[in-house]
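The structure appears right after this line, and notes come after that.
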Amino acid sequence: MSADRRPSYRQQQAAATRDRIAEAARRLFAELGYGATSMAAIAAEAGVADRTVYSAFGSKREILSMICEQWLERAGVRDRAAQVLAEPDPKRRLQGAASWLRALYEAGFDVVLIFEAATDDSPETRELLRSKLAGRNQVMDAMIASLGDALTMPLARAQAVYRALAAAGVYREFVQESGWSPQQFEDWVAEILQRQLLDRTSSAH
Numbered sequence: 639m640s641a642d643r644r645p646s647y648r649q650q651q652a653a654a655t656r657d658r659i660a661e662a663a664r665r666l667f668a669e670l671g672y673g674a675t676s677m678a679a680i681a682a683e684a685g686v687a688d689r690t691v692y693s694a695f696g697s698k699r700e701i702l703s704m705i706c707e708q709w710l711e712r713a714g715v716r717d718r719a720a721q722v723l724a725e726p727d728p729k730r731r732l733q734g735a736a737s738w739l740r741a742l743y744e745a746g747f748d749v750v751l752i753f754e755a756a757t758d759d760s761p762e763t764r765e766l767l768r769s770k771l772a773g774r775n776q777v778m779d780a781m782i783a784s785l786g787d788a789l790t791m792p793l794a795r796a797q798a799v800y801r802a803l804a805a806a807g808v809y810r811e812f813v814q815e816s817g818w819s820p821q822q823f824e825d826w827v828a829e830i831l832q833r834q835l836l837d838r839t840s841s842a843h
């Protein structure tokens, strides 16, 4: 990047402030709930003035959106999805789909729970959550659709199987409640997907 296009010190400071506010909001949303957390509480947690939070974001919904984007970036879901889709072997592609799901939850299962708790908020917030969930489902559906003729059941049903395994309650039950490691969860998801979705002659050994 050339010197004239490099972010100015003021821009770097503004970005750092936004990050600090988002991190503070993420902690409070997880601890208190999205609806119960005020902008004033977020400002206090971040150590900034109330007006700074409003100037940086405008609303809690915008903070929630940034938290989601940071989570997805941290999980590397876009690059991981591309790697899964590039895998030629169906069995390994499903292992990759299970790994993608594990990475998503491992990078921020607290964000998933924040989203669940925020579904009772305003219509605008519900629309934001629907759009984020739709984006996730599109990626997941594309992974299953890429298997084509290797599938042993209709495409829509196979996609539903994967989405069911991706339900937040499943990860919570096994990893958080029953003490499974994320790797055990990944292997379990992969085994079910491979057993249920693949034609026995489609995968390499």
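Here this note's numbering is used: the first residue of the sequence shown is 639, the next is one more, and so on.
Virtual Cβ for every residue (Gly too), placed ideally from N, Cα, C.
Look at LEU789 here: in three-state DSSP terms it is strand.
Around the beta-carbon of ARG656, 16 or more other beta-carbon atoms lie within 10 Å, marking it buried.
Here VAL691 has ILE659, MET677, ILE680, ALA681 as same chain residues with Cβ atoms under 6 Å from its own Cβ, once five neighbours each way along the sequence are excluded. Membership of LEU766 in the alpha helix (DSSP H) is indicated by the continuous run 761-783.
For LEU836, the beta-bridge partners assigned by DSSP are LEU789. If you check the CB distance, LEU766 and SER703 come in under 8 Å.
A contact between stretches requires three or more CB pairs, one per stretch, nearer than 8 Å, and the segment 824-833 meets this requirement with the segment 733-741. Boundaries of the alpha helix (DSSP H) harbouring GLU661: 647-670, taken from the DSSP string. Between ALA720 and VAL777, the alpha-carbon positions lie close to 10 Å from each other. In the three-state reduction of the DSSP assignment, ARG740 falls in the helix class, which pools H, G and I. When C-beta atoms of the segment 703-714 are compared with those of the segment 749-765, three or more pairs fall below 8 Å, so the two segments count as touching. According to the DSSP assignment, GLN708 belongs to the alpha helix (DSSP H) that extends over 698-713. Here DSSP, grouped into helix, strand and coil, assigns VAL808 to helix.
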